[in-house]
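The next block holds one structure in the form of structure tokens; read it before the comments.
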Amino acid sequence: MGQPVRDYLLTLCVTAAVTYLLTGPVRKFAIAVGAMPAIRARDVHREPTPRLGGIAMFGGLCAGLIVADHLFNLKSVFELSNEPRALLSGAALIWLIGVLDDKFEIDALIKLGGQMIAAAVMVIQGLTILWLPIPGVGTVALTQWQGTLLTVALVVITINAVNFVDGLDGLAAGMVCIASAAFFLYAYRLWMGYGIEAAAPATLFAAILMGMCLGFLPHNMHPARIFMGDSGSMLIGLVLAAGAISITGQVDPDLMKLFEGSEREATHALLPVFIPLVLPLTIIAIPAADLVLAIVRRTWNGQSPFAADRGHLHHRLLEIGHSHSRAVLIMYFWSALIAFGAVGYSVHSASSWIVFVIIAASAVGLVLLLMPRFTPRAPHWANRFVPPRYRHRGAEPESAPSSSYGEKPAPAAAGAQQGPSDASMGEEAVERAPVAVGVSGVNGATAIGARSRFPDRRSIDSSR
Numbered sequence: 245m246g247q248p249v250r251d252y253l254l255t256l257c258v259t260a261a262v263t264y265l266l267t268g269p270v271r272k273f274a275i276a277v278g279a280m281p282a283i284r285a286r287d288v289h290r291e292p293t294p295r296l297g298g299i300a301m302f303g304g305l306c307a308g309l310i311v312a313d314h315l316f317n318l319k320s321v322f323e324l325s326n327e328p329r330a331l332l333s334g335a336a337l338i339w340l341i342g343v344l345d346d347k348f349e350i351d352a353l354i355k356l357g358g359q360m361i362a363a364a365v366m367v368i369q370g371l372t373i374l375w376l377p378i379p380g381v382g383t384v385a386l387t388q389w390q391g392t393l394l395t396v397a398l399v400v401i402t403i404n405a406v407n408f409v410d411g412l413d414g415l416a417a418g419m420v421c422i423a424s425a426a427f428f429l430y431a432y433r434l435w436m437g438y439g440i441e442a443a444a445p446a447t448l449f450a451a452i453l454m455g456m457c458l459g460f461l462p463h464n465m466h467p468a469r470i471f472m473g474d475s476g477s478m479l480i481g482l483v484l485a486a487g488a489i490s491i492t493g494q495v496d497p498d499l500m501k502l503f504e505g506s507e508r509e510a511t512h513a514l515l516p517v518f519i520p521l522v523l524p525l526t527i528i529a530i531p532a533a534d535l536v537l538a539i540v541r542r543t544w545n546g547q548s549p550f551a552a553d554r555g556h557l558h559h560r561l562l563e564i565g566h567s568h569s570r571a572v573l574i575m576y577f578w579s580a581l582i583a584f585g586a587v588g589y590s591v592h593s594a595s596s597w598i599v600f601v602i603i604a605a606s607a608v609g610l611v612l613l614l615m616p617r618f619t620p621r622a623p624h625w626a627n628r629f630v631p632p633r634y635r636h637r638g639a640e641p642e643s644a645p646s647s648s649y650g651e652k653p654a655p656a657a658a659g660a661q662q663g664p665s666d667a668s669m670g671e672e673a674v675e676r677a678p679v680a681v682g683v684s685g686v687n688g689a690t691a692i693g694a695r696s697r698f699p700d701r702r703s704i705d706s707s708r
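All you need for this note's numbering is the position in the sequence shown, starting with 1, plus 244.
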């Protein structure tokens, strides 16, 4: 079989393109049907924003599977395995439940039951955990009931972990995209490096998941024009869980032929066998930690574990002074560090330098967390190529209006040659901003208009 990198890249690009092109019409459809709930106390955004972005993501998933089925190097995945069809069946069910929730706000217990049914549908069609590689014991075969329960538990945990972290613009899609990229590298190495055909479905799922997230992110970055809603967050959570189930419980560790050499050499060689037990956890480490903390916090306060609040990790980052974009980038950083660190260590488990690199990167991340007020400034020569908030204010060209992107007027020393009317343009534009937002009505824009350039910067403690 030839190297299927180009086929994977084509599948990823088609999935991303279909998702991107469908998101615009889906946004207009969501506005037309009223899938645009009022602002809740726990929400970070300040204007009603349409949901149902999961419709476009599901369209990208279907397009990716159809394209892969017609590619020379990937069609064998559909011929030798029923897992792609199992994924599509479970994804269609969970997507339908998410669409109903985005429009009608169904009960949390009903959603939980739907998640279990979607997982059971995949189990019936063969996407289930058959055995587990356990350190010190070896490969342990599971009974049908044990495999079913473990599969359903992993699907439900992953779906809710991704759903819980979907609280900032672009956060869930970006974190899942990073996780799926790390998972793709690991699964592709098992397939092409060890010649294990059973790892091919997980590799395909990871490539399609990357395409779904990359196609949706341009519409979902701050300020978001549309949210993925539960139809999107539960969908990408299920696809991520399907890949983890496929490569953890379907790949036979004995095929890797690593049981040779001394005991110490065998311990290092066996790490790629045991890493599937850890890698799915590292991929959702940040969302899973947020999920566990939320359950403990709400139970301790006498609330339902499914009750919504403003105590998630991204809320805390905003409360200590980070901007919306910086909070998202910090979550990206930690997700990438954990996921790619686990993959790198599985490849070179005997190299201690990887541990030192991870420790150094963690130290950098802690410094970023402790400096929420620091705003980087670009060099003078780069002012034309960076967003206005990163430019040196004294170097702004006189011809550029001071009201662009909500910037304040230049200081008196820099703008002494400007007339009184020019100097007041910035303040007048800022004062008019709320009126413009009120007229547009939907996240600072109509269904075909431009985004608002003046985001509401009220405190996140506001009840609105």
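For glycine and all other residues, C-beta sits at the position ideal for the given N, C-alpha and C.
With a threshold of 16 other beta carbon atoms within 10 Å, T402 meets it and is buried.
In summary, L376 is buried, with 16 or more beta-carbon neighbours lying within 10 Å of its beta-carbon over all protein chains present. It is roughly 45 Å from the alpha-carbon of G308 to the alpha-carbon of G546. Counting along the chain, the unbroken alpha helix (DSSP H) around I361 starts and ends at 352-368.
Nearest in C-alpha terms to A605, of all of A583, G481, T267, is A583. Here the region 452-461 does not lie against the region 338-353, with fewer than 3 beta-carbon pairs under 8 Å apart. For G358, the closest of S333, Q369, G370, T372 by C-alpha to C-alpha distance is S333. Beta-bridge pairing by DSSP links W375 to A385. The alpha-carbon of M454 is positioned some 22 Å away from that of I440. Here V420 really is in contact with L484; their C-beta atoms are around 6 Å apart, less than 8 Å. Bounds of the alpha helix (DSSP H) holding S333 are 327-348. Annotation: the continuous alpha helix (DSSP H) that includes I275 extends over 249-277. Ranked by how close their Cα comes to the Cα of R469, the residues T387, M280, R433, L253 have M280 in first place. G481 is positioned such that its CB atom lies no closer than 8 Å to that of R295. L371 is positioned such that its CB atom lies no closer than 8 Å to that of I491.
A residue is called buried once 16 or more other Cβ atoms fall within 10 Å of its Cβ, and R628, having fewer, is exposed. Burial of K355 is indicated by the presence of at least 16 other C-beta atoms within 10 angstroms of its C-beta. Contact check for L318 against P269 fails: the beta carbons are separated by 8 Å or more.
Taking 8 Å as the cut-off, the Cβ atoms of A444 and W435 count as close. DSSP places H314 in the coil class of the three-state scheme, outside both helix and strand. The Cβ-Cβ distance between G411 and A446 does not fall below 8 Å. For R542, the secondary structure class from DSSP, reduced to helix, strand or coil, is helix. Collapsing the DSSP output to three states places M280 in coil.
DSSP places I422 within a helical segment (H, G or I) once states are collapsed to three. Closest in alpha carbon position to L479, among V572, G391, I341, is I341. Around the beta-carbon of P328, 16 or more other beta-carbon atoms lie within 10 Å, marking it buried.
By a beta-carbon distance limit of 8 Å, T255 contacts A312. Their separation comes to about 5 Å.
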